[in-house]
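K.L.:
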Amino acid sequence: MNAVVLAVVIMLALSFARVHVVISLIIGALVGGISAGMGMTRTMESFTEGIANGASIALSYVMLGAFAVAIARSGMPQAFASWVIRKANDGDGSRGKFLKWGLLGTVLAAAIMSQNLVPIHIAFIPLLIPPLLLVFNRFDVDRRLLACIMTFGLVTTYMYLPYGFGNVFLNDILLANINQAGLDTSNINVMSAMGIPALGMLCGLLVAVLVSYRKPRSYQDRPVEGQGDVHLDEPVSKYHIAIALLAVVLCLVVQIWADSLLLGALVGFAVFVAARVIKWSEADGVFDSGMKMMAMIGFIMISAQGFAQVMKDTGQVESLVTASAKAFGDSHLMAAFVMLLVGLLVTMGIGSSFSTLPIITTIFVPLCLQMGFSPLATVSIIGTAGALGDAGSPASDSTLGPTSGLNADGQHDHIRDTVLPTFLHFNLPLLAAGCVAAMVL
49 MNAVVLAVVI MLALSFARVH VVISLIIGAL VGGISAGMGM TRTMESFTEG IANGASIALS
109 YVMLGAFAVA IARSGMPQAF ASWVIRKAND GDGSRGKFLK WGLLGTVLAA AIMSQNLVPI
169 HIAFIPLLIP PLLLVFNRFD VDRRLLACIM TFGLVTTYMY LPYGFGNVFL NDILLANINQ
229 AGLDTSNINV MSAMGIPALG MLCGLLVAVL VSYRKPRSYQ DRPVEGQGDV HLDEPVSKYH
289 IAIALLAVVL CLVVQIWADS LLLGALVGFA VFVAARVIKW SEADGVFDSG MKMMAMIGFI
349 MISAQGFAQV MKDTGQVESL VTASAKAFGD SHLMAAFVML LVGLLVTMGI GSSFSTLPII
409 TTIFVPLCLQ MGFSPLATVS IIGTAGALGD AGSPASDSTL GPTSGLNADG QHDHIRDTVL
469 PTFLHFNLPL LAAGCVAAMV L
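Residue numbers (this note's numbering): 49 to 489.
1) Grouping DSSP H, G and I as helix and E and B as strand, with all else coil, what is V272?
2) Secondary structure at D332, three-state DSSP: helix, strand or coil?
3) Spatial neighbours of Q459 within its chain, please: C-beta separation below 8 Å, excluding the five flanking residues on both sides.
4) Can you tell me whether DSSP reads R262 as helix, strand or coil?
5) Given this structure, state the Cα-to-Cα distance separating A100 from S285, to the nearest angstrom.
6) Can you list, in chain order, the residues of its chain with a C-beta nearer than 7 Å to that of Y211? Leave out the 5 residues immediately preceding and following it.
7) In whole angstroms, what separates the C-alpha of L436 from that of L448?
8) DSSP three-state label for R121, please.
9) Just to confirm before moving on: does the CB-CB distance between G391 and I408 stay below 8 Å?
10) Less than 8 Å between the C-beta atoms of S122 and A313, yes or no?
11) Can you list, in chain order, the residues of its chain whose CB lies under 8 Å from that of A114, leaving out five sequence neighbours each side?
12) Is it right to say L178 is buried, meaning 16 or more other beta carbons lie within 10 angstroms of its own, or is it exposed?
13) Check whether the Cβ atoms of F402 and F217 lie closer than 8 Å to each other.
14) Compute the distance between the beta-carbons of A116 and L175, then report whether it is under 8 Å.
15) So, are the CB atoms of L78 and T96 less than 8 Å apart?
16) Please classify G431 as buried or exposed, where buried requires at least 16 other C-beta atoms within 10 Å of its C-beta.
17) Rounded to whole angstroms, what's the CA-CA distance from F320 to A439? Just pull it up for me.
18) Assign L381 to buried or exposed, taking buried as 16 or more other Cβ atoms, counted over all protein chains shown, within 10 Å of its Cβ.
19) Enumerate in chain order the residues of its own chain whose CB-to-CB distance from I160 is below 7 Å, with the five nearest sequence positions on each side excluded.
20) Looking at the structure shown, is G230 part of a helix, part of a strand, or coil, going by DSSP?
21) In this structure, how does DSSP classify G458 when only helix, strand and coil are distinguished?
22) Beta carbon of V56, beta carbon of T362: below 8 Å?
23) To which residues of the same chain is L60 closer than 6 Å at the C-beta, ignoring the five residues directly before and after it?
24) Thinking just about the alpha-carbon of each residue, which of W328, L479, D188 is nearest to the one in K263?
25) Mapping the DSSP letters down to three states, classify V418 as helix, strand or coil.
26) Which same chain residues, not among the five before or five after V484, have their C-beta less than 7 Å away from its C-beta?
27) Exposed or buried, N235, counting other C-beta atoms within 10 Å across all chains shown (16 or more means buried)?
28) Thinking just about the alpha-carbon of each residue, which of I58, S72, M49, N50 is nearest to the one in F347?
29) Find the nearest neighbour of L417 within the set V69, G248, A486, C299, judged by alpha-carbon distance.
30) If I'm right that V155 touches I197 with Cβ under 8 Å, what's the distance once you round it to whole angstroms?
31) Hey, V413 and S94: beta-carbon distance below 8 Å or not?
32) N215: which of L388, Q228, N237 sits nearest, CA to CA?
33) Is it right to say D232 is buried, meaning 16 or more other beta carbons lie within 10 angstroms of its own, or is it exposed?
34) Can you name, in chain order, every residue of its own chain whose Cβ lies under 6 Å from the Cβ of F355, other than the five neighbours on each side?
35) Pick helix, strand or coil for R186, following the three-state DSSP scheme.
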């Protein structure tokens, strides 16, 4: 069996069997590397090399966790949550439904804007979601629905809109790599190429909202990590709220100016300490709480980088595609389906669609040209193949981010409540939409 396929299957099987994702990634990488003939020593050297690439990302998220806890301590999120609950209690059932759907719309809007207007990616989740868990509990919102909403906003936005992170994915990586592989994309409208796949994602979201998770689901009101017992009826200092708003604005400005999430979160945290919203004697405790909240996502992302490096070093991604090409025959539909399936497999293992594109583009462009696909269809196939698997991968930040917020009180399982729902509702319709796009464009 191909080493990449074997490694990904082992990693996914262990994850779904409730083995911790970090352990699953390590074992999968070892099995894949050894089966490719790299040996134990070379495989671990490759894994360690990849870990170094993920350290800065993990450190940024740890600092972000500390910043999120500081915001929670300021009382600003609780003030918003208590306002929502008061509005719900003061009105009739119709007002409660309006507020519920308004909150779901707010979460979706935040996820979309996190990719472009306020390009902080998953950084909004630990700031917005944990303080609102009590509100979602009040409305009996199924957290699997919230996971689908956030993942939709995170993935669909960058794979369709060429702004912010979408500009990086679509222009700097997708079109740039296709050009380097020998296909001129100067006259291609990338939004036209990715429009049908984006509609596939939208169909998946509508199914999740209107069918799969429309029924109420009850949760217990538990303390949120880093926030202690939250009492929504307690008054909140207007000074603390003003400082929190200032810290958020400065965090965003510094992050955009310096292109560093780590520095932005550090500046935001420093504002809270300097303004004595967080006392100097409490700073260590707040930082530790933030570290605990983001520890899982940090370690998984570090391990995922190691796994990805081993997969690249096996040199068997190309042989995987070549072997699959023999089954194409003259069928355009089969060719598109297999290429999309390979993209899904690679991204599920690596956990990053941004990292998948450079790996598959150099192989897929010649195949698409040989099969007679149009330039627009080629861009659509490769872009969709890269995005496939970002939703539903245990190691993707598009699933880890929602879990970090929704599991802040220990009632949301990463695999069962985020990975499986997002895989079923987004990868399957995206796979179908990608095949349709390949045939009609």
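Where a beta carbon is used, it is the ideal one built from N, C-alpha and C, also for glycine.
P.N.:
Taking the definition as stated:
1) strand
2) helix
3) R191, Y267, Q268, R270
4) coil
5) 42 Å
6) N164
7) 16 Å
8) helix
9) yes
10) no
11) A313, F317, V334, F335, S337, G338, M339
12) Correcting the residue type first, residue 178 is Pro in the shown sequence and not Leu. So P178 ends up on the buried side.
13) yes
14) yes
15) no
16) buried
17) 35 Å
18) exposed
19) G201, T205
20) coil
21) coil
22) no
23) none
24) D188
25) Per the sequence presented here, residue 418 reads as Gln, with Val not at that position. Helix at Q418.
26) I244
27) exposed
28) S72
29) A486
30) 5 Å
31) no
32) N237
33) exposed
34) L73, A77
35) helix
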